[in-house]
Amino acid sequence: MPAKHYLNDNYGIRSWLLTKDHKRIAILYLLSITVFFFIGGLFAALIRLHLLTPNGELFQADTYNRLFTMHGVNMIFFFLIPSVPAVIGNFLVPIMVGTKDLAFPKINLLSWYLYIIGATFSIIAMLKGGVDTGWTFYAPLSSGYVKSPVITLAVGVIIAGFSSIFTGLNFIVTVHRMRAPGMSWGRLPLFVWANYATSLIMILGTPVIAITLILLALERGFHIGIFDPKLGGDPVLFQHMFWFYSHPAVYIMILPGMGVISEIVTCFSRKRAFGYTFIAFSSIAIAVFGFLVWAHHMFVAGISVYSALVFSLLSYAVAIPSAVKVFNWTATMYKGSVQMSTPMLYAMAFIGLFTIGGLTGLFLAALGLDIHIHDTYFVVAHFHYVMVGGMVTAYLGGLHFWWPKMTGRMYPEAPAKLAALVTFIGFNLTFFPQFILGYMGMPRRYAVYPPEFQVLNVLSSAGASVLAVGFLLPLLYFLWSLKYGEIAGDNPWKATGLEWETTSPPPTHNFHEIPVVTKEPYAYGEEEEVPVVH
Amino acid sequence: MAQHSEQEHKHPTPGLYLIILTALVIGTCATWAIAFVDLGIFNPVVALTIAVTKATLVILFFMHVFYSSKLTKITITAGFFWLMIMITMSLSDYLTRTFLPQ
Amino acid sequence: MSTSQTTTTDHHPALAHQFDSMEQQQDASTFGMWVFLLTEIMMFGGLFTAYLIYRIKYYPAFVAGSTSISVSWGFANTLVLIASSFTMAMAVWSAQTGRRKGQIWFLIGTMILGSAFLGVKAKEYYDKWDECHIPGHIIGKGFNTWGGCSANDKNLGNIAQEIIERAEKDHQEMSPVAAQQTAQQTEIFFSFYFAMTGLHAFHMIIGLGLLTWLLLRARRGEFSSAYYTPVELGGLYWHFVDIVWIFLFPLLYLISRHAHGI
Numbered sequence: 126m127p128a129k130h131y132l133n134d135n136y137g138i139r140s141w142l143l144t145k146d147h148k149r150i151a152i153l154y155l156l157s158i159t160v161f162f163f164i165g166g167l168f169a170a171l172i173r174l175h176l177l178t179p180n181g182e183l184f185q186a187d188t189y190n191r192l193f194t195m196h197g198v199n200m201i202f203f204f205l206i207p208s209v210p211a212v213i214g215n216f217l218v219p220i221m222v223g224t225k226d227l228a229f230p231k232i233n234l235l236s237w238y239l240y241i242i243g244a245t246f247s248i249i250a251m252l253k254g255g256v257d258t259g260w261t262f263y264a265p266l267s268s269g270y271v272k273s274p275v276i277t278l279a280v281g282v283i284i285a286g287f288s289s290i291f292t293g294l295n296f297i298v299t300v301h302r303m304r305a306p307g308m309s310w311g312r313l314p315l316f317v318w319a320n321y322a323t324s325l326i327m328i329l330g331t332p333v334i335a336i337t338l339i340l341l342a343l344e345r346g347f348h349i350g351i352f353d354p355k356l357g358g359d360p361v362l363f364q365h366m367f368w369f370y371s372h373p374a375v376y377i378m379i380l381p382g383m384g385v386i387s388e389i390v391t392c393f394s395r396k397r398a399f400g401y402t403f404i405a406f407s408s409i410a411i412a413v414f415g416f417l418v419w420a421h422h423m424f425v426a427g428i429s430v431y432s433a434l435v436f437s438l439l440s441y442a443v444a445i446p447s448a449v450k451v452f453n454w455t456a457t458m459y460k461g462s463v464q465m466s467t468p469m470l471y472a473m474a475f476i477g478l479f480t481i482g483g484l485t486g487l488f489l490a491a492l493g494l495d496i497h498i499h500d501t502y503f504v505v506a507h508f509h510y511v512m513v514g515g516m517v518t519a520y521l522g523g524l525h526f527w528w529p530k531m532t533g534r535m536y537p538e539a540p541a542k543l544a545a546l547v548t549f550i551g552f553n554l555t556f557f558p559q560f561i562l563g564y565m566g567m568p569r570r571y572a573v574y575p576p577e578f579q580v581l582n583v584l585s586s587a588g589a590s591v592l593a594v595g596f597l598l599p600l601l602y603f604l605w606s607l608k609y610g611e612i613a614g615d616n617p618w619k620a621t622g623l624e625w626e627t628t629s630p631p632p633t634h635n636f637h638e639i640p641v642v643t644k645e646p647y648a649y650g651e652e653e654e655v656p657v658v659h
Numbered sequence: 051m052a053q054h055s056e057q058e059h060k061h062p063t064p065g066l067y068l069i070i071l072t073a074l075v076i077g078t079c080a081t082w083a084i085a086f087v088d089l090g091i092f093n094p095v096v097a098l099t100i101a102v103t104k105a106t107l108v109i110l111f112f113m114h115v116f117y118s119s120k121l122t123k124i125t126i127t128a129g130f131f132w133l134m135i136m137i138t139m140s141l142s143d144y145l146t147r148t149f150l151p152q
Numbered sequence: 658m659s660t661s662q663t664t665t666t667d668h669h670p671a672l673a674h675q676f677d678s679m680e681q682q683q684d685a686s687t688f689g690m691w692v693f694l695l696t697e698i699m700m701f702g703g704l705f706t707a708y709l710i711y712r713i714k715y716y717p718a719f720v721a722g723s724t725s726i727s728v729s730w731g732f733a734n735t736l737v738l739i740a741s742s743f744t745m746a747m748a749v750w751s752a753q754t755g756r757r758k759g760q761i762w763f764l765i766g767t768m769i770l771g772s773a774f775l776g777v778k779a780k781e782y783y784d785k786w787d788e789c790h791i792p793g794h795i796i797g798k799g800f801n802t803w804g805g806c807s808a809n810d811k812n813l814g815n816i817a818q819e820i821i822e823r824a825e826k827d828h829q830e831m832s833p834v835a836a837q838q839t840a841q842q843t844e845i846f847f848s849f850y851f852a853m854t855g856l857h858a859f860h861m862i863i864g865l866g867l868l869t870w871l872l873l874r875a876r877r878g879e880f881s882s883a884y885y886t887p888v889e890l891g892g893l894y895w896h897f898v899d900i901v902w903i904f905l906f907p908l909l910y911l912i913s914r915h916a917h918g919i
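Going down the list, the sequences are from chains A, B and C.
In this text, residue positions in the first sequence follow this note's numbering: the first is 126, and each later residue adds one.
In this text, residue positions in the second sequence follow this note's numbering: the first is 51, and each later residue adds one.
In this text, residue positions in the third sequence follow this note's numbering: the first is 658, and each later residue adds one.
Here it is as C-alpha cells:
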C-alpha cells in the first residue's frame, strides 16, 4: 500500500466531515446508505414474518401499512437512488475521466449533508410511528385522511431529492468539462456513460417530485383542494406528477448498475465490450425514453384509453435499449476467457435476474394483462427482480470489484463466493413465488390473504431469511478485510481503466500526474497477460 | 478582456442592453393592452407568444446565450423540451378522455 | 477536452484546485449554473402543468379569480422586474469590464427593484387576505364556501357577487347558486396563484441574499475582468427568476381580461 493515500492523508473527524475529497465523500455515503439498507431490510423482515400466516396475526393492518411504506421509502430514496452514483460513482467518475476531483467538490459535500438531513427526517417520521400511505403517497389518502407523519417524511424525501440533483449536476459538468487530455467521449468507460445518463434523469426528473410533494404538503397542511376531489381537486393529477419523476427514478436506480456490469463483464471476460457505442447510446436512450412512459403506472386509475395506448407502446419501446445491453454483455462473454471471480458471479446473476425482471415489466405494460395483475404481487415480484436482482446485485458486484481500489485490501474470496450464491438462492426463493401469487390474484399492500396462498408465502418468507444471510455476510467480511485482508496492489484484477493505473487506495489528488489517454477503453488481450483468478 | 480570444467571451454592450430593455418594456405594455381587446381564443395565444419572445430576448442577450457555447444552447433547449414533454403528455390524457353523455 | 495550457491568470487566487485554468473554471461554473436552472425549469414546470390542467377544467372560475387580482399592480411589477434584469446585466458588464463603482451601484439598483417587487407582492397578498381569498381555512379569515368575504346580507361572497354583476352587464342569466359554485371553484385558482407567486417570491428572496453577498464581494474589489464568474452566475439566476415572472403575469393576471375591463 502507498504510504500516503486519501484515507490516511488527514486524520480527525473534521477532516472527514468537512472534506472536499470526492473519495471521502463516497465513503461517507457508503456508511450512511448501508445503515438505511439495513433499516429497510429490517422492515422487510417484519413484513415477511407477518405474511407467514394468512390472518395477519403478527401486526395490525394499520401497522402493516407502516411497515411496507417505510420499507419502500427507505430502500428507494435512502438506499437505491444514491447507491451506485453516490458511492461508486462519486469515488470513480473523476478518476475514470482522469481529473483531480469533481467539478464542484463543496457542492458534493453539500449533497451528502442534504442526504443526511433528509434521512434524519425519515428517522423522525419513523419515531413518530411511520407513514402508512405506501411509498407512493397517493392523494387524497395522504393529504386528507391519514394521521401519520406524511409531511415529515415528504420533507425528508424532498431534501434527499436535492442531494440527488446536486450529485447529478456535478457528474454532468465533470464529464463535459474535466476530461483528461485524450479522453474523448468514445474512450470513456461505459460506467461513466451510465452515470452521465443517470445524472440527466436526476436533474430533469427530481424537481418534479419535489414540487409534487410540496403541493401535497400544502394540501395537507392548509386543507386546500389540489388533489382532493371533495375540494374540487384531481387525484389523478397527483399520480401524473408523482410518476413523471418516479418512473424515470427507476432508471436512476438501474442505469448505474448497468454501468457496473459493463465494467465487470469486460474485465472478467478479458475482452473489449461488444458494441461499445450501442451500449453507450443505449444508456442515453433509456434516460430519454424513460421520461415518456410514466402513465403505465396509471392504466387503471382512470386515464384516457387513447393515452394509455400511447404509454403502453412507448413502454415496450423503452425495453429495447435494455435488451441491447443484455445482448451485448452476453456477446462480450462469448469466446471470452471468463473468470468466475465474485464480481463476475454477481454480474452474471444480474444479467439473468434483470432479464426476468425486465421481461415481466412487459407483461405489466400490456394494457389488457395489466388489468389483472396491477397492484398484485406480480408487480412486487417484477420490481424486486429489477431492483434487488438487478440493482442490489450490481451494487454488490461493484463493491467487490472496486473494494481493493477503495481500501487497498482484498476481500476474502471464499466467503464472498458463498455469499453470492446464498444471495442468489435466497433472492429467487423469496421473489419467484410472488410472480405466481400475483398471477393467482394476491393483492399487494394487504395485511391478510386467502389461506390457499399460504404455501407460496411461506416459501417466500423462507427465502427472505436466506437472503438476509446473503446480505449480512458481506457486511462481516468487508469489515474483516479492512484489518486482515490481503494487500491488493494497484491492479489486482489486471483490469484496464484509469482507476487501475493509480495506487490502491488512490492518493488524495487521484493521480501523481494527470494522465494522457491514448488507448481505447477495454483494451484487453492487447498484451500478454496472466489472468488473475482468486 | 484581451486574454480571452474565444468567441464565447464576447459580451453585449450597454447599448444593446438598453435596446433589449426597450423591447421588453414594449412587449409588456403590448401584452397588457391587448389583454383588453377581445380576440377570443387568440388572447392567450398572443399573450404567450409575446411572453416567449420576451423570454427569448432575456435568454439570448441578458443571459449571454447568443454568445455562448453550443453546449449551453443545447442544454437550454433540452430543458424546455423536457418541460413540453411533461405538459403535452399530461394534457394528452386529459384532452382525450371521453365524457359520458349527460 | 480539458485544457492544461497555462495563462497569465493561472495562479489567480480564486482558482480552485480541481481546475487547470480560470477559463475552465468559468466554463464549468457557468455550465453548472445552467444545469441548475434546468432543474428550476422542471420545478416551476410542474406547477405550470398542473395550472394548465385546472385552467382547462375550471375556466370560468379561473376567469373570476384572475379578474379579482389587480392587473395594474401585476403590470407594474412586471416592468419593475424587467428593469431589475437590465440593472443586473449592467452589473455583470461592469464586473467584466472592471468597473467597481458600476458593479456596486447596479447591484444595489437590482436589489432595490427586487425589493420593490416583493413589496408590491406583499401588498397584493394583503389584499387577498383582506378579501378572504386565501385558500383553505387555516390562514386568516379563510376562504368561505361562497368564495370570498360576504359583501351583503345575501351571504354572497364577493367573488360570487362580482360574477353575478358581470353576468348582468353582459345581459346573461346567472343564478346565485351557479355564481356561488364558480366562486367556490376559484379556491383552486388562488391555490395556484399563491403556490406559483409564492415559490417565485421565495426564489426572489434567495436572489436578494445572493445579491447581498455579491455586493459585499464587489465592495472588497474581488471582481475584475479576469474573474467575475460569481456575478455572472448571480445574473443567470436573477434573469431566470425574471423569466418565470414573464410567464406568470399573463397566465395569472390576464385570463379573459377583455371581457371585464380593469
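Here a beta-carbon is modelled for each residue, glycine too, at the ideal position from N, C-alpha and C.
Cβ-based burial, C:Phe859 [other Cβ within 10 Å; buried from 16]: Working through the third sequence from its first residue, we reach residue 859 of chain C at position 202. The Cβ neighbour count for C:Phe859, taken over all protein chains shown within 10 Å, is under 16; the residue is labelled exposed.
Closest by C-alpha distance to A:Phe556, when choosing among A:Leu205, A:His507, A:Lys530 and A:Ala572: Counting from one through the first sequence, the residue named residue 556 of chain A turns up at place 431. Sorting A:Leu205, A:His507, A:Lys530 and A:Ala572 by C-alpha distance to the C-alpha of A:Phe556 places A:His507 at the top.
Buried/exposed call for C:Val819, threshold 16 Cβ in 10 Å: Residue numbering aside, residue 819 of chain C sits at position 162 when the third sequence is read from its first letter. Residue identity check: residue 819 of chain C is Glu in the sequence provided, not Val. When all chains shown are included, C:Glu819 counts as buried.
Sub-7 Å separation of A:Leu143 and A:Leu171 beta-carbons: If you number the first sequence from 1, residue 143 of chain A lands on position 18. If you number the first sequence from 1, residue 171 of chain A lands on position 46. Cβ atoms of A:Leu143 and A:Leu171: not closer than 7 Å.
Per-residue burial, A:Leu600 [other beta carbons within 10 Å of its own, 16 or more giving buried]: Position 475 of the first sequence holds residue 600 of chain A. Exposed, because fewer than 16 other Cβ atoms sit within 10 Å of the Cβ of A:Leu600.
7 Å Cβ cutoff, B:Thr122 in contact with chain C: On the second sequence, residue 122 of chain B is found 72 positions in, with the first residue counted as 1. Yes, because at least one Cβ of chain C sits closer than 7 Å to the Cβ of B:Thr122.
For C:Gly689, three-class secondary structure by DSSP: Residue numbering aside, residue 689 of chain C sits at position 32 when the third sequence is read from its first letter. Secondary structure at C:Gly689: helix, using DSSP grouped into helix, strand and coil.
Same chain, Cβ closer than 7 Å to A:His499, neighbours up to 5 away in sequence not counted: Start at 1 with the first residue of the first sequence, and residue 499 of chain A comes out as number 374. Around A:His499: Phe424 and Val425.
Exposed unless 16 or more other CB atoms sit within 10 angstroms - verdict on A:His422: Here residue 422 of chain A corresponds to residue number 297 of the first sequence, with the count starting at 1. Flag for A:His422 reads buried.
Closer than 8 Å at the beta carbon, the chain C residues around A:Gly357: Numbered from 1 along the first sequence, position 232 holds the residue referred to as residue 357 of chain A. Ordered by position in chain C, the residues that pass the 8 Å Cβ test against A:Gly357 are Tyr715, Gln841, Gln842, Glu844 and Ile845.
Within-7 Å CB hit, A:Ser324 to chain B: Looking up residue 324 of chain A in the first sequence gives position 199. A:Ser324 is outside the set of residues whose beta carbon lies under 7 Å from a beta carbon in chain B.
Rounded separation between A:Leu177 and A:Gln579 - CA only: The residue given as residue 177 of chain A occupies position 52 in the first sequence. The residue given as residue 579 of chain A occupies position 454 in the first sequence. When rounded, the distance between both Cα atoms is 7 Å.
Three-state secondary structure assigned by DSSP to A:Pro568: The count along the first sequence starts at 1 and reaches residue 568 of chain A at position 443. Strand.
Closest residue to A:Met195 among A:Phe162, A:Leu183 and A:Thr621 (Cα-Cα distance): As a position in the first sequence, residue 195 of chain A is number 70, starting the count at 1. Of the candidates A:Phe162, A:Leu183 and A:Thr621, the residue whose Cα lies closest to the Cα of A:Met195 is A:Phe162.
Minimum C-alpha distance to A:Glu182 - residue among A:Gly588, A:Thr621, A:Gly614 and A:Tyr571: On the first sequence, position 57 is the one that residue 182 of chain A refers to. The shortest Cα separation from A:Glu182 among A:Gly588, A:Thr621, A:Gly614 and A:Tyr571 belongs to A:Tyr571.
With 16 other Cβ atoms within 10 Å as the buried cut-off, status of A:Tyr678: Because chain A in this structure spans residues 126 to 659, residue 678 of chain A falls outside the shown range and cannot be described.
Contained beta strand (DSSP E) runs [length at least 3] in the stretch 887-918 of chain C, N- to C-terminal order: Those beta strand (DSSP E) runs which fall completely within the stretch 887-918 of chain C and span 3+ residues do not exist here.
7 Å CB neighbourhood of A:Thr214 in its chain, flanking five on each side removed: Indexing the first sequence from 1 puts residue 214 of chain A at position 89. The question names Thr, but residue 214 of chain A in the sequence shown is Gly. These residues qualify, in order along the chain: Phe296, Asn320 and Pro381.
Interface flag, B:Glu56 vs chain A, CB-CB below 7 Å: Position 6 of the second sequence, counted from the first residue, corresponds to residue 56 of chain B. Because the pLDDT of B:Glu56 is 44, which lies under 50, any placement of that residue in the model is unreliable, and the number read from its coordinates should be weighed accordingly. Not an interface residue.
Residues in the stretch 129-143 of chain B having any Cβ partner in chain C nearer than 8 Å: Hits within the stretch, in order: Gly129, Phe130, Trp132, Leu133, Met136, Ile137, Ser140 and Leu141.
Assigned exposure category for A:Asn136 - 16 Cβ within 10 Å defines buried: Start at 1 with the first residue of the first sequence, and residue 136 of chain A comes out as number 11. Looking at the sequence provided, one finds Tyr at residue 136 of chain A rather than Asn. In the assembly as shown, A:Tyr136 is an exposed residue. Its beta-carbon has fewer than 16 other beta-carbons within 10 Å.
Spatial distance of A:Tyr502 from A:Leu234 (CA atoms): Position 377 of the first sequence holds residue 502 of chain A. Position 109 of the first sequence holds residue 234 of chain A. Straight-line Cα distance between these residues: approximately 39 Å.
Helix, strand or coil at C:Gly814 [DSSP, three-state]: As a first step, residue 814 of chain C must be located in the third sequence, where it is residue number 157. Assigned with DSSP and collapsed to three states, C:Gly814 falls in strand.
Chain B contact residues for A:Ser429, given Cβ-Cβ distances below 9 Å: Locating residue 429 of chain A in the first sequence gives position 304, where the first residue counts as 1. Result: Ser142, Asp143, Tyr144, Leu145, Thr146, Arg147 and Thr148.
Separation of A:Ser466 from A:Phe603, as counted between CA atoms: For the purposes of this step, residue 603 of chain A is identified with residue 478 of the first sequence, where counting begins at 1. For the purposes of this step, residue 466 of chain A is identified with residue 341 of the first sequence, where counting begins at 1. Those two C-alpha atoms are separated by around 16 Å.
6 Å CB neighbourhood of C:Leu708 in its chain, flanking five on each side removed: On the third sequence, position 51 is the one that residue 708 of chain C refers to. For clarity, residue 708 of chain C is Tyr in the given sequence; the question names Leu instead. Closer than 6 Å at the Cβ level, and outside the excluded window around C:Tyr708, lie Phe849.
Cβ neighbour criterion (16 or more within 10 Å) applied to A:Ser288: Mapped onto the first sequence, residue 288 of chain A falls at position 163. So A:Ser288 counts as buried.
Spatial neighbours of A:Tyr376 in its chain, beta-carbon cut-off 6 Å, leaving aside the 5 residues before and after: Here the question's residue 376 of chain A lines up with position 251 in the first sequence. Closer than 6 Å at Cβ, skipping near neighbours: Ile326, Ile411 and Gly415.
Minimum Cβ-Cβ distance from B:Ala73 to chain C less than 7 Å: The residue you call residue 73 of chain B lines up with position 23 of the second sequence. Judged by the 7 Å Cβ criterion, B:Ala73 is not in contact with chain C.
Residue-chain proximity (B:Tyr117, chain C), Cβ-Cβ < 7 Å: On the second sequence, position 67 is the one that residue 117 of chain B refers to. Chain C, which has no Cβ nearer than 7 Å to the Cβ of B:Tyr117, makes this no.
Endpoints, alpha helix (DSSP H) assigned at B:Met81: Position 31 of the second sequence, counted from the start, is the residue given in the question as residue 81 of chain B. Per the sequence shown, residue 81 of chain B should be read as Thr rather than Met. Note, B:Thr81: alpha helix (DSSP H), Pro64 to Ile84.
Cα-Cα separation, A:Arg395 to A:Ser462: For this step, residue 395 of chain A is matched to residue 270 along the first sequence. For this step, residue 462 of chain A is matched to residue 337 along the first sequence. Taking the straight line joining both Cα atoms gives about 6 Å.
Opening and closing residue of the alpha helix (DSSP H) in which A:Leu494 lies: Locating residue 494 of chain A in the first sequence gives position 369, where the first residue counts as 1. The continuous alpha helix (DSSP H) containing A:Leu494 extends over residues Leu492 to Ile498.
Contacts of A:His301 in chain B (Cβ-Cβ under 8 Å): Within the first sequence, residue 301 of chain A is the residue found at index 176, counting from 1. What A:His301 touches in chain B: Leu121.
Which of helix, strand or coil DSSP assigns to C:Ser832: Locating residue 832 of chain C in the third sequence gives position 175, counting from the first residue. Coil.
Cβ neighbours of C:Phe897 in the same chain (closer than 7 Å, five flanking residues each side left out): The residue labelled residue 897 of chain C in the question sits at position 240 within the third sequence. Sequence-distant partners of C:Phe897 (beyond 5 residues in either direction) whose C-beta falls short of 7 Å from its own C-beta, in its chain, are Leu694 and Glu697.
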